[in-house]
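Residue numbers (the numbering used here): -11 to 443.
We treat Cβ as the ideally placed atom computed from N, Cα and C, and that holds for glycine.
Only a predicted model underlies this, so the values are computations on that prediction, with no experimental measurement involved.
Written below as structure tokens is the structure these notes are about.
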Amino acid sequence: MSDTGNQATSFWPKVIRDPIHNVITFENTETDQLLFRLVNCREFQRLRRIKQLGLSELVFPGANHSRFAHSIGVMHTARLFLNQIGNAGFTLTNDQKTVVLVSALLHDIGHGPFSHAFEKITRDKHERRTEEIIEDDSTEINKVLKEFDGDLPTRVAAFFQEDPTGENVGDIPPFFVHVVSSQFDADRCDYLLRDSHATGADYGKLDLRWLVDHLYVDETHNRIYLGRKAFYATEQYIFARYHMYQAVYFHKATRSAEVMLRLLFRRYKELLDAEDTLDKKSKIVEGASPALIKAFSGGLSLYDYLLLDDHTITEFLKCCEVCRDPIIKRLSSGLLHRHLYKCVDATGISRDNPDKVAEFREQAKEIVQKYIDAVDYGLASDTPADTPYKVYDPSDDNPATQIFVEDALGQIKLINHLSDQVNALRKKITQLRYYFPEKARTEILELTKSWKGGH
């Protein structure tokens, strides 16, 4: 175990002011001292430089909050969950609490800059990087964890496996994993409240205190559930998620910026792949971070990965604006100065004439080609399926992907079996949008109208 308990007690507790949870306290206990040491590790401090909502700041000016603040909020919310589970009669060991709280704190540690667009091109998944940061001997986080308990890195990393919910993670029952990752978990509760606050979208709010106070464990079926008094609060939680997806996470201008950044990354990778030496690669966009060049060329080490943050990409965009490639130059300028691609909603076309979408796209390409030469970088489709936010789906029978509520008779049932409104959300969102330069807007709008009008 760690010797952190020998630290001077006069410096504890540590208190963090938070706009969502007000006061987050690290007490003078071994677990809390460990958590605070992890917060001060360089890999965790890097999260200060990675925005929680990426490019949403271009639409919602207040949405510049970081994954650093969110991660601490998730740890705090997970503690509320665990305290309630203990109050409800389930015996928790300090060791189990430690593993869950550390996992909650570190759940986003592997995210890269503007990670949704970044991962699309590099195929460098943040889940894999999270495990690597926790288990690699070179990281400060790994050292701190091993000083506390030699097995702790392995036990925490197990939380971030692709599907850790089917069986115990070590000696941690599955429903403890659900505290960190499930349809109702500490992560979702914090990001809904935090994103709602930052964007000003009040319909993303939820009654966290009431939900937590009515959280219970069904040991027989290895699941957590919400008591009958929390039924309406649970409905509101699901509706809040749905509206935040529609109004914030799927906002057409935010998605436009992400599409443009993805196109820029794709073009940059295409040019890098055409060169065979680092010297030639570095001249494509002069001033680009060597770590970023490696990210798009392959073979990015963990050390180099941890050098990347949102600031790296912002500086890269500034360099792109003066590079020789006209495609990269145009896209970077649009992102830096918020001259974003416009869009049309082609959902009706895809639903009514699924075989005609390709024909519509070809006609749209002909229009875009009038204004720019590289049409592959001037017209792009986008659907909610392209985003990593998963809507509530009652069709999956894994306890981690369901929300259970106690009914009036004391039976534990799926929320969609008790709520017609929630059941109506089972239908998958299938929006289809096309993005293009503003110059082509009028003609593509007319094209879309003609198709929706019975082309």
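With burial defined as no fewer than 16 other Cβ atoms inside 10 Å of the residue's Cβ, what is the status of residue i: buried or exposed?
i       : result
Arg111  : exposed
Val310  : exposed
Asp96   : buried
Gly287  : exposed
Thr65   : buried
His53   : buried
Tyr291  : exposed
Ala388  : buried
Pro425  : buried
Lys85   : buried
Phe(-1) : exposed
Val47   : buried
Tyr237  : buried
Pro141  : buried
Val11   : exposed
Val87   : buried
Ser438  : exposed
Which residue's Cα is closest to the Cα of residue i: the options?
i      : options                           : result
Gly50  : Asp395, Val144, Thr187 and Leu181 : Thr187
Glu246 : His9, Ile432, Phe106 and Gly287   : Phe106
Val410 : Met63, Tyr230 and Glu120          : Tyr230
Asp83  : Leu68, Leu41 and Asp137           : Asp137
Trp198 : Leu181, Ala218, Val11 and Asn71   : Ala218
Thr430 : Leu259, Lys330 and His325         : Lys330
Ser91  : His114, Phe48, Phe147 and Asp125  : Phe147
Lys306 : Pro314, Arg312 and Leu324         : Leu324
Tyr213 : Ala262, Ser184 and Gln171         : Gln171
Arg255 : Ala241, Val200, Gly275 and Leu319 : Leu319
Gly322 : Ala241, Asp333, Gln33 and Leu402  : Ala241
His327 : Glu354, Pro278, Asp370 and Met248 : Met248
Asp370 : Ser277, His239, Glu394 and Leu294 : His239
Can you tell me the Cα-Cα spacing of residue i and residue j, whole angstroms?
i       : j      : result
Asp(-9) : Val132 : Unreliable positioning characterises Asp(-9) in this predicted model, as indicated by a pLDDT of 41, which lies under 50. The coordinate reading is nonetheless provided below. Those two C-alpha atoms are separated by around 11 Å.
His58   : Leu89  : 14 Å
Glu45   : Ser244 : 13 Å
Leu80   : Phe163 : 12 Å
Lys344  : Ile337 : 7 Å
Leu22   : Ile129 : 10 Å
Lys358  : Leu196 : 53 Å
Met63   : Tyr423 : 38 Å
Arg25   : Asp125 : 17 Å
Thr17   : Leu203 : 25 Å
Phe14   : Pro7   : 17 Å
Tyr225  : Thr302 : 35 Å
Arg211  : Leu367 : 45 Å
Leu194  : Thr418 : 26 Å
Ile432  : Arg414 : 32 Å
Tyr233  : Leu41  : 12 Å
Ile484  : Glu119 : Within the shown structure, residues of the chain are numbered from -11 to 443, placing residue 484 beyond reach of any answer.
Asp139  : Lys427 : 59 Å
Val3    : Asp333 : 47 Å
So for residue i, helix, strand or coil by DSSP?
i      : result
Phe48  : coil
Val87  : helix
Arg216 : helix
Leu367 : coil
Asn16  : coil
Val273 : coil
Ser54  : strand
Lys39  : strand
Asn28  : coil
Ile122 : helix
Ile226 : helix
Asn10  : strand
Lys353 : helix
Below 8 Å between beta carbons: does that hold for residue i and residue j?
i      : j      : result
Glu207 : Thr127 : no
Ile160 : Leu252 : no
Ile121 : Val144 : no
Val168 : Asp175 : yes
Ser285 : Lys269 : yes
Asp183 : Gln72  : no
Asp298 : Lys39  : yes
Ala189 : Ala221 : no
Val205 : Phe78  : yes
Ile109 : Lys257 : yes
Tell me, please, whether the CB atom of residue i is closer than 8 Å to any CB atom in chain B?
i      : result
Ala276 : Protein chain content of the structure displayed is limited to a single chain, and chain B is not contained in it.
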